[in-house]
Amino acid sequence: MNLSHCTVCSTLIDRTQNKRLRKYCSVKCLHKFHSMKVIASGYARNIQRKYQEEKAKAASDNKKKCAICGLWYRRVAAHVARRHQLNAHEYKQSIGIRTSRGIMTKGDREHMRELALTHNMDKRLNMLGKKTRFVPGGEKQKMKKPNAGKKFTEDEYS
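Going by our numbering, the first residue of the sequence shown is number -4, and it counts up by one from there.
Structure (structure tokens):
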């Protein structure tokens, strides 16, 4: 008998019956081995990175341009943190804009606002005594003075 072991799962293979798949017990193990080889080589990661870079070269209304590398992203702060190892504050200082200025796109800003309102972040912040500008169904307003010394009950925010 001509026996050997599968390189993936180590099961015994009778090579007289399985002449085509000399190192693997099945086609499934063959594909699994080649998948592991591709992942280990970084091939898929490189393809994905190239695709993301091609996407980032195209300007769009819902993207902002990174002042360091010149590519376009929906969330510049996340890009800057990953690629340039800077936080948003350092990035704004390095390009010379006010640190209080936002760098999100309008669509993302509106989306984050909607999420905050659906999760009652304005009420939660008020309970903690924090300032907030969120007004349900309205535009931004100037900061209101916090309610000094007023204790909030759970009934007011449920």
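We treat Cβ as the ideally placed atom computed from N, Cα and C, and that holds for glycine.
- Pairwise C-beta distances place the stretch 74 to 86 out of contact with the stretch 29 to 48, as fewer than three of them are shorter than 8 Å.
- Cβ atoms of residue 54 and residue 67 come within 8 Å of each other, at about 5 Å.
- For residue 8, no alpha helix (DSSP H) run applies; the uninterrupted beta strand (DSSP E) run containing it begins and ends at 7 to 9, by DSSP.
- In the structure shown, residue 0 falls within a strand segment according to DSSP collapsed to helix, strand and coil.
- Spanning the alpha carbons of residue 52 and residue -3 requires a straight line of approximately 57 Å.
- Distance from the CA of residue 81 to the CA of residue 58, rounded to the nearest whole angstrom, comes to 19 Å.
- Under DSSP, residue 68 takes part in a beta bridge, and its partners are 59.
- The secondary-structure analysis by DSSP pairs residue 99 across a beta bridge with 70.
- Sequence-distant Cβ neighbours of residue 86 in its own chain, meaning closer than 6 Å and more than five residues away, are 75.
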